[in-house]
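S.K.: Chains as they are written, first to last, in my numbering: chain A, 1 to 232; chain B, 1001 to 1089. Structure provided below as structure tokens; questions to follow.
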Amino acid sequence: MATIFLTPDQDAVVSEIEIAAPPQRVFAALTDPEQNKQWGRSAAFEITLWEMDPRVGGAWRFVSRESGQNREYLHHGEVLEFDPPRVLAYTWFANWHEQPSRRTVVRWELTASRDGTKVKVTHSGLAAEAKSRQDYYQGWPGLLALLKKFLENQLENPMATITVTSAQDAILAELFIDAPPARVFQAITDPAQLLQWWGQEGMYRTTGWQGDLRVVAAGAARASGPMAARSR
Amino acid sequence: MSGEYLEVDPPRLLVYTWIATWTPDLKTTVRWELRPQNSGTLLKLRHSGFAGNSRAAQDHSNGWQRVLGWMQGFVEKGDTIDSRRPLSK
């Protein structure tokens, strides 16, 4: 379970947890909107919006709501550090703070460990926020537990190693698949097979796939659901 | 999304252009390279042409993480959209 402590100057709460997933996977869960919406919600809270422009100076915000209540909790800020897969930090303003314009900072540090990743989150700037400091002291360990549960369940399937080139031009992925190339080739070209696996219930679903396996012949796929909305 | 096949060489290479309807100005290319390794396949995928658009590159890299996981589950275990349990809950 997560540890939690309050710094002696009462300015920051620091919570740590060990997660059996590589730092790259943890970093993706902290920055990908879809994943944040999935792991960050609980029986008591739902996340209705989560956005981040993943670069230093980029804006982020999320909106959550207590189940069965109408009040929305708005959180927003600016990315201060973006160093995948080690450090992510952003300013954190919330409409439910005693002083909503007060700047607080959330900083995630990921350290590779023998079994995965040591995750440390420090929420600072809370010295004058006695009430919300107490809420965070109680809240962060639970949130880290949700993150752990999400990532460790996901790792039942081995994951691809994915990197984005430093010029932000290309995505490179590498994955070992326990099936011969001919089988994989079929799965990625046969329209009937693509329809079976490309999609996720509740996220989006491929509704049509046409492909003509001739060079410079048009192929087209249509996805329905929130994928288009997500990527805007 | 739509595109055209640029190279088709079963079962080792598949290259196509990729134009998403939600980012029509971004004409990118997806290259699947399949190499036999032991009794399986080493897949190398390259999706290029983001031209410094870090947001689109990041979005797509998160998308590929999911897509490749689905494809792997399908060819290794026969998992389909209908048989997979939802990620959350």
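A virtual CB, placed ideally from N, CA and C, is assigned to each residue, including glycine.
What does A/Leu88 touch in chain B if you count any residue whose Cβ is under 8 Å from its own?
M.R.: Position 88 of the first sequence, counting from 1, holds the residue named residue 88 of chain A. Near A/Leu88 there are no residues of chain B at all, since even the closest Cβ is about 13 Å away, more than 8 Å.
S.K.: Three Cβ pairs or more, each shorter than 8 Å: is that satisfied between the stretch 1068 to 1081 of chain B and the stretch 189 to 199 of chain A?
M.R.: As far as the Cβ criterion goes, the stretch 1068 to 1081 of chain B touches the stretch 189 to 199 of chain A, which means the pair count is three or higher.
S.K.: Got a sec? Which residues, its chain only, sit under 6 Å from A/Ala173 by beta carbon, not counting five neighbours each side?
M.R.: Your numbering for residue 173 of chain A matches position 173 in the first sequence. Result list for A/Ala173: Ala160, Ile162, in chain order.
S.K.: Decide yes or no for the touch test of the stretch 17 to 29 of chain A against the stretch 75 to 94 of chain A: beta carbon pairs closer than 8 Å, at least 3 of them.
M.R.: The answer is yes - the stretch 75 to 94 of chain A touches the stretch 17 to 29 of chain A, with three or more Cβ pairs under 8 Å.
S.K.: Quick one: any contact between the stretch 71 to 81 of chain A and the stretch 92 to 111 of chain A, if contact means 3 or more CB pairs under 8 Å?
M.R.: With the cut-off at 8 Å, the stretch 71 to 81 of chain A and the stretch 92 to 111 of chain A touch.
S.K.: DSSP three-state label for A/His97, please.
M.R.: As a working mapping, residue 97 of chain A is identified with position 97 in the first sequence. Residue state, collapsed to three classes: coil.
S.K.: Between which residues of its own chain and B/His1060 is the CB-CB distance below 7 Å, once the five residues before and five after are set aside?
M.R.: In the second sequence, the residue the question calls residue 1060 of chain B occupies position 60. Excluding positions up to five away in sequence, the list reads His1047.
S.K.: Among B/Ser1054, B/Arg1084, B/Trp1070, B/Met1071, which has the Cα closest to the Cα of A/Ala167?
M.R.: The residue you call residue 167 of chain A lines up with position 167 of the first sequence. The option with the nearest alpha carbon to A/Ala167 is B/Ser1054.
S.K.: Going along chain A in order, which residues have a C-beta closer than 9 Å to the C-beta of B/Pro1036?
M.R.: Counting from one through the second sequence, the residue named residue 1036 of chain B turns up at place 36. By Cβ distance, chain A contributes Pro180, Pro181.
S.K.: According to DSSP, simplified to helix, strand and coil, what is A/Ala223?
M.R.: Residue mapping note: residue 223 of chain A aligns to position 223 of the first sequence, counting from 1. Bear in mind that the predicted position of A/Ala223 carries a pLDDT of just 49, short of 50, making it unreliable; the figure below should be weighed with that in mind. Correct three-state label for A/Ala223: strand.
S.K.: Counting C-beta neighbours from all protein chains within 10 Å, is the total for B/Thr1028 16 or more, i.e. buried, or is it exposed?
M.R.: Position 28 of the second sequence, counted from the start, is the residue given in the question as residue 1028 of chain B. Answer is buried; the Cβ neighbour count reaches 16.
S.K.: Based on the DSSP secondary-structure assignment, which residues constitute the bridge partners of A/Tyr73?
M.R.: As a position in the first sequence, residue 73 of chain A is number 73, starting the count at 1. For A/Tyr73, which the question treats as bridged, DSSP gives the partners A/Ser64.
S.K.: For A/Ser124, which of A/Ile188, A/Val14, A/Ile4, A/Thr3 has the nearest alpha-carbon?
M.R.: If you number the first sequence from 1, residue 124 of chain A lands on position 124. If we check each option's Cα against that of A/Ser124, A/Val14 comes out closest.
S.K.: Any beta-carbon of chain B closer than 8 Å to the one on A/Gln196?
M.R.: What you label residue 196 of chain A is simply residue 196 of the first sequence in a count that begins at 1. Yes, contact with chain B.
S.K.: Determine the extent of the beta strand (DSSP E) in which A/Phe27 is found, giving its start and end residues.
M.R.: As a working mapping, residue 27 of chain A is identified with position 27 in the first sequence. Premise fails: A/Phe27 lies in the alpha helix (DSSP H), 23 to 31, not in any beta strand (DSSP E).
S.K.: Distance check for A/Val63 and A/Thr104, CA to CA, integer angstroms please.
M.R.: As a position in the first sequence, residue 104 of chain A is number 104, starting the count at 1. As a position in the first sequence, residue 63 of chain A is number 63, starting the count at 1. Spanning the two alpha carbons is a distance of roughly 17 Å.
S.K.: Hey, which unbroken runs of the beta strand (DSSP E) at 3 residues or more fall wholly within the stretch 1002 to 1067 of chain B?
M.R.: Correct list: 1002 to 1009, 1013 to 1019, 1027 to 1037, 1040 to 1048.
S.K.: Is A/Arg107 near A/Thr122, with beta carbons less than 8 Å apart?
M.R.: The sequence position of residue 107 of chain A within the first sequence is 107, counting from 1. The sequence position of residue 122 of chain A within the first sequence is 122, counting from 1. Going by C-beta atoms, A/Arg107 is nearer than 8 Å to A/Thr122.
S.K.: What are the residues of the stretch 66 to 86 of chain A that lie near chain B, defined by any Cβ-Cβ distance shorter than 7 Å?
M.R.: Flagged: no residues at all.
S.K.: Examine the Cβ distances between the stretch 177 to 184 of chain A and the stretch 1032 to 1051 of chain B and report whether three or more of them are shorter than 8 Å.
M.R.: At 8 Å Cβ cutoff, the stretches touch.
S.K.: Under a CB-based cut-off of 8 Å, is A/Asp53 close to chain B?
M.R.: Against the first sequence, residue 53 of chain A aligns to sequence position 53. Cβ-Cβ to chain B under 8 Å: yes for A/Asp53.
S.K.: Take A/Glu129 as the anchor and find which of A/Asp9, A/Glu18, A/Ala21 has the nearest alpha-carbon.
M.R.: As a first step, residue 129 of chain A must be located in the first sequence, where it is residue number 129. Nearest C-alpha to A/Glu129: A/Asp9.
S.K.: What does B/Pro1010 touch in chain A if you count any residue whose Cβ is under 9 Å from its own?
M.R.: Start at 1 with the first residue of the second sequence, and residue 1010 of chain B comes out as number 10. By Cβ distance, chain A contributes Pro181, Ala182, Phe185, Gln186, Thr189, Leu213.
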